[in-house]
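Per our numbering, residue 3 is the first one in the sequence shown, and the count goes up by one each step.
Ideal Cβ placement from N, Cα and C applies to all residues, glycine included.
A quick write-up on the structure given underneath.
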Amino acid sequence: TAHQPIALHDTVIQDIETMAPKAETTPKVEELESENTSGGGGGGGNNAADKRNVSFEDEAGFVGQWTLGFLTPVLRFGATKALETTDLGTVKSKTRAEPSYGGVKAEWDKTLQLSLKSGDRPNLAAAIFRAYGPSHFYVAMIYYVVSALLGFVPILILGDIVAYFEQPNHETMVDPWIEVAALGVLPTIIGILQTRHNVVMTHLGVYVRTAVSMLTYHATLRASSYSRGLSSTGEVINIMANDAQQLQRFLSFVGLTLVA
Numbered sequence: 003t004a005h006q007p008i009a010l011h012d013t014v015i016q017d018i019e020t021m022a023p024k025a026e027t028t029p030k031v032e033e034l035e036s037e038n039t040s041g042g043g044g045g046g047g048n049n050a051a052d053k054r055n056v057s058f059e060d061e062a063g064f065v066g067q068w069t070l071g072f073l074t075p076v077l078r079f080g081a082t083k084a085l086e087t088t089d090l091g092t093v094k095s096k097t098r099a100e101p102s103y104g105g106v107k108a109e110w111d112k113t114l115q116l117s118l119k120s121g122d123r124p125n126l127a128a129a130i131f132r133a134y135g136p137s138h139f140y141v142a143m144i145y146y147v148v149s150a151l152l153g154f155v156p157i158l159i160l161g162d163i164v165a166y167f168e169q170p171n172h173e174t175m176v177d178p179w180i181e182v183a184a185l186g187v188l189p190t191i192i193g194i195l196q197t198r199h200n201v202v203m204t205h206l207g208v209y210v211r212t213a214v215s216m217l218t219y220h221a222t223l224r225a226s227s228y229s230r231g232l233s234s235t236g237e238v239i240n241i242m243a244n245d246a247q248q249l250q251r252f253l254s255f256v257g258l259t260l261v262a
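Structure representation (structure tokens):
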């Protein structure tokens, strides 16, 4: 009877090992991506998934970032099984919490010092804008404006081609075959420009949301007891969640507002 507990313990362990699910043999994203290191998807390889602290986008080349080719291994793997969080890698390095907060905090401190000297009210939006880099925003707006202007070109080409077939003496702007080829090329260019604009503005939206949330959180940690009594916990959480998310949504559609 002294050995019965030990025997019972061994039996339970064997039953658990028998009932435990076997490890899946489905290839992981990094294996699928390693097959794509020859340049598939425009530079989306380089074993990005082997480095969990590096995102697929950071590892992608120029063509891969413009065509979103770095998503090809993830989409291919998603066709075989349900994706997990670890299969997606990490976010872009610039939009992570630490660099986002660090960059905005440095610019905000400079803004506060200048406002104390000039007496003007500090502008948080300007500080965030400078921290992220104004050039990224301006270039993204140029992408969207150019794509919107190019959207009128296929309409003009179709009108010219229709007039060419209806009116025997009509002279097209260029050779008709060039116009037909442009009808196939221009939508692709427009789509690439709009996609690049959406990627940049999405990163900016995440950057702003992260920075505002982190600034609010650190402000609550440094607040005095009297200041904490002026705002409830729900109000602080609402700023960190809902208000910051509204800023992110606005930046996603700012291109439409500009073109309109």
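Ile-194 and Phe-64 have their C-alpha atoms some 13 Å from each other. Looking at Leu-217, Gly-257, Phe-252, Phe-255, the one whose alpha-carbon comes closest to that of Val-238 is Leu-217.
Beyond the five residues adjoining it in sequence on each side, Ala-99 comes within less than 7 Å, by CB distance, of Thr-212, Met-216 in the same chain, given in chain order. Excluding the 5 residues flanking it on each side, Val-148 has same chain C-beta neighbours closer than 8 Å at Leu-195, in chain order.
Annotation for Ala-142: His-199, Val-202, Met-203 place their beta carbon closer than 7 Å to its own, counting only its chain and skipping 5 residues before and after. Sixteen is the threshold: since fewer than 16 other Cβ atoms of the shown chains lie within 10 Å of the Cβ of Gly-236, the residue is exposed. Per DSSP, reduced to three states, the secondary structure at Gly-193 is helical. One Cα belongs to Asn-240, the other to Leu-260, and the distance between them is close to 29 Å.
Secondary structure of Val-208 (DSSP, three-state): helix.
Annotation note: the segment 96 to 153 contains no uninterrupted beta strand (DSSP E) run of length 3 or greater.
Of Lys-119, Phe-58, Glu-109, Tyr-146, the smallest CA-CA separation from Asp-89 is found for Phe-58.
Counting only residues of its own chain and dropping the five nearest sequence neighbours on each side, Asp-60 has a CB closer than 7 Å to the CB of Lys-94, Ser-95. Taken atom to atom, the span from the alpha-carbon of Gly-105 to that of Asp-162 is near 52 Å. Between Ala-184 and Ile-159 a beta carbon distance of about 6 Å is seen, short of the 8 Å cut, so the two are scored as contacting.
Looking at the backbone, the Cα of Tyr-140 and that of Gly-257 are separated by about 11 Å.
The three-state reading of DSSP puts Ser-234 in coil, since its state is none of H, G, I, E or B. Bounds of the alpha helix (DSSP H) holding Pro-75 are 74 to 80. Shortest Cα-Cα distance from Ala-128 to any of Pro-101, Ala-84, Trp-110, His-205 involves Trp-110. Excluding sequence positions up to five before and after Ala-133, its CB lies within less than 6 Å of the CB of Gly-105, Val-106, Glu-109, all in the same chain and listed in chain order. Here the alpha carbon of Glu-181 sits roughly 17 Å from the alpha carbon of Leu-151.
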